[in-house]
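For reference, the structure discussed in these notes is given below.
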Amino acid sequence: MKAVFAVSAMFSVAAVAVICIFLLYNGIPAMREIGFLEFIGGRTWKPTEGQFGIFPMIVGSVYMTGGAVLLGVPVALLTAVFLAWFCPDGLYRFFKPAIDLLAGIPSIVYGFFGLVVVVPLVREVTGTAGKNLLTGSVILAIMILPTVINVAEAAIRAVPDSYYEGALALGATHEKSVFSAVLPAAASGLTAGIVLGIGRAVGETMAVVMVAGNQAAFPDSFLSGVRTMTANIVLEMGYAGEGLHRDALVATAVVLMVFVLAINLSFSRLKRGENR
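Counting along the sequence shown from 1, when you hit position 74 you're at 321 in this note's numbering, and nothing is skipped either side.
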């Protein structure tokens, strides 16, 4: 069984290594040919004219992920606290399956919901076209809710009851005990849930393609249409032939991979700092 476990672990590591090697093998030469600074910092994406600047897509990905986190994470954390400490059993039997069902809805359905419901609502309220950064952030915020809620609830329930009981013994109220004793003890698990939510938001494609406007331009505000790095790859990979255009899209995937890796490393360092 030790050999079986070792082979399984090696297979997982090998899969990651093969993906990384493929991306680097095809992406690094494209960056070298285009020019690293021109590729990363260029503001114009016109493959037919030989211009491959992805800075607007990088900014669009950062803004949309940040908007999703700002809108979704507070709701998710408060929902997890409610489910773990305040929700009656009758309501829990209804809420928990509903949240799990939310996690199983395909992204294309979220995109269709955003296109039919959220886009017209934003259009009516703001007077814009409706397909913009704000709409994409709202949809992504809804999509990351089940991931963050489930991980955060599990982390909260893993805190020993003695933390809560000790706070009560010192005279704290039920709410004060939960928020001042239980939640700080579950901080590492809550951080893990947020990281997973960010990963879901960064990697989402179809829903973003349907509601964000897909404009390869630098966003001026949250009401501007944007194109994320994932959307850029999906929209153009189908007709990009062999050559620099295709390699530039692979290089975009390399930047996306580095982006996700940097997020995970940052939160890992933050987690180690909390444990100290």
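Glycine included, each C-beta is placed from N, C-alpha and C at the ideal position.
Checklist line | Residues sharing a beta bridge with Gln298, DSSP | finding: Position 51 of the sequence shown, counting from 1, holds the residue named residue 298. Per DSSP, Lys293.
Notebook entry, point to check: At a cut of 8 Å, does the segment 457-471 reach the segment 373-381 through at least three beta carbon pairs?
Noted result: yes
Item checked: Gly472 - DSSP class collapsed to helix/strand/coil -> Against the sequence shown, residue 472 aligns to sequence position 225. Note: Gly472 maps to coil in three-state DSSP.
Next item on the list: Work out the CA separation of Ser409 and Thr420 for me, nearest whole Å.
Entry: As a working mapping, residue 420 is identified with position 173 in the sequence shown. As a working mapping, residue 409 is identified with position 162 in the sequence shown. So the two alpha carbons sit approximately 15 Å from each other.
Check: Span of the alpha helix (DSSP H) holding Val369?
Finding: What you label residue 369 is simply residue 122 of the sequence shown in a count that begins at 1. Where Val369 is concerned, the enclosing alpha helix (DSSP H) stretches over 366-373.
Notebook entry, point to check: Out of curiosity, what's the CA-to-CA distance linking Ile268 and Arg474?
Noted result: Looking up residue 268 in the sequence shown gives position 21. Looking up residue 474 in the sequence shown gives position 227. Using only the alpha carbons, I get a separation of about 26 Å.
Notebook entry, point to check: DSSP on Ile446, reduced to helix/strand/coil?
Noted result: Position 199 of the sequence shown, counted from the start, is the residue given in the question as residue 446. A small fix is needed here, since residue 446 is Gly in this sequence, not Ile. Helix.
Notebook entry, point to check: Where does Ala345 land, buried or exposed, given buried means 16+ other C-beta within 10 angstroms?
Noted result: Within the sequence shown, residue 345 is the residue found at index 98, counting from 1. Ala345 should be labelled exposed.
Notebook entry, point to check: Asn273 lies in the alpha helix (DSSP H); which residues open and close that run?
Noted result: Counting from one through the sequence shown, the residue named residue 273 turns up at place 26. Element bounds for Asn273: 249-281.
Next item on the list: Could you check which residue in Gly314, Ser354, Ile301, Ala416 has the C-alpha nearest to that of Met453?
Entry: Translated into the one-based positions of the sequence shown, residue 453 becomes position 206. It is Ser354.
Next item on the list: Compute every distance between the C-beta of Pro335 and the non-hydrogen atoms of the ligand ADP, then say whether any falls below 6 Å.
Entry: This structure lacks the ligand ADP, and indeed carries no ligand of any kind.
Margin query: Please tell me whether Met484 and Leu503 are closer than 7 Å, where the distance is taken between their beta carbons.
Written below: Counting from 1 along the sequence shown, the entry for residue 484 is found at position 237. Counting from 1 along the sequence shown, the entry for residue 503 is found at position 256. Taking 7 Å as the Cβ cut-off, Met484 and Leu503 do not qualify as a contacting pair.
Item checked: As assigned by DSSP and simplified to three states, the class of Gly436 -> One-based indexing of the sequence shown puts residue 436 at position 189. Looking at Gly436 - three-state DSSP - the assignment turns out to be helix.
Check: Three-state secondary structure (DSSP) at Gly319?
Finding: Position 72 of the sequence shown holds residue 319. Reduced to three states, the DSSP call for Gly319 is helix.
Notebook entry, point to check: Along the chain, where does the alpha helix (DSSP H) that runs through Asp408 open and close?
Noted result: For the purposes of this step, residue 408 is identified with residue 161 of the sequence shown, where counting begins at 1. Unbroken alpha helix (DSSP H) run through Asp408: 408-416.
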